[in-house]
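Colleague: I am attaching a structure below and will ask some questions about it afterwards.
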């Protein structure tokens with residue numbers, strides 16, 4: 025559910041107020057992690073658009 029996902033993301037960001045801070049075994053910056061999540065989300069939305077276009081022939085805007 026969207027509200028639950030938003031709350032989880034908000035909590036994760038609240039736990040790391042310094043977006044330049046590094047986390048995890050790979051020591052990746054929190055900011056870099058968030059950008060990666062946004063890129064992945066956009067990529068998957070694009071995949072869904074391609075599948076929909078194949079199913080119904082409609083082209084997105």
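Numbering (the numbering used here), first residue to last: 25 to 85.
All C-beta atoms in this analysis are idealised placements derived from N, C-alpha and C, irrespective of residue type, glycine included.
Could you tell me which residues DSSP puts in a beta bridge with residue 83?
Modeller: Answer is none; residue 83 lacks a bridge partner.
Colleague: Judging by CA-CA distance, which residue of 67, 34, 53 is the nearest neighbour of residue 42?
Modeller: Comparing Cα positions, the closest option is 53.
Colleague: Take residue 37 as the anchor and find which of 78, 56, 69, 77 has the nearest alpha-carbon.
Modeller: Selected option, being the one with the closest Cα: 56.
Colleague: Name, in chain order, the residues that DSSP records as bridge partners for residue 47.
Modeller: In DSSP, residue 47 forms a bridge with 52.
Colleague: Tell me, to the nearest whole angstrom, how far the beta carbon of residue 76 is from that of residue 82; I am working on the premise that it is less than 8 angstroms.
Modeller: Going by Cβ atoms, the distance from residue 76 to residue 82 rounds to 7 angstroms, so yes, they are a contact pair.
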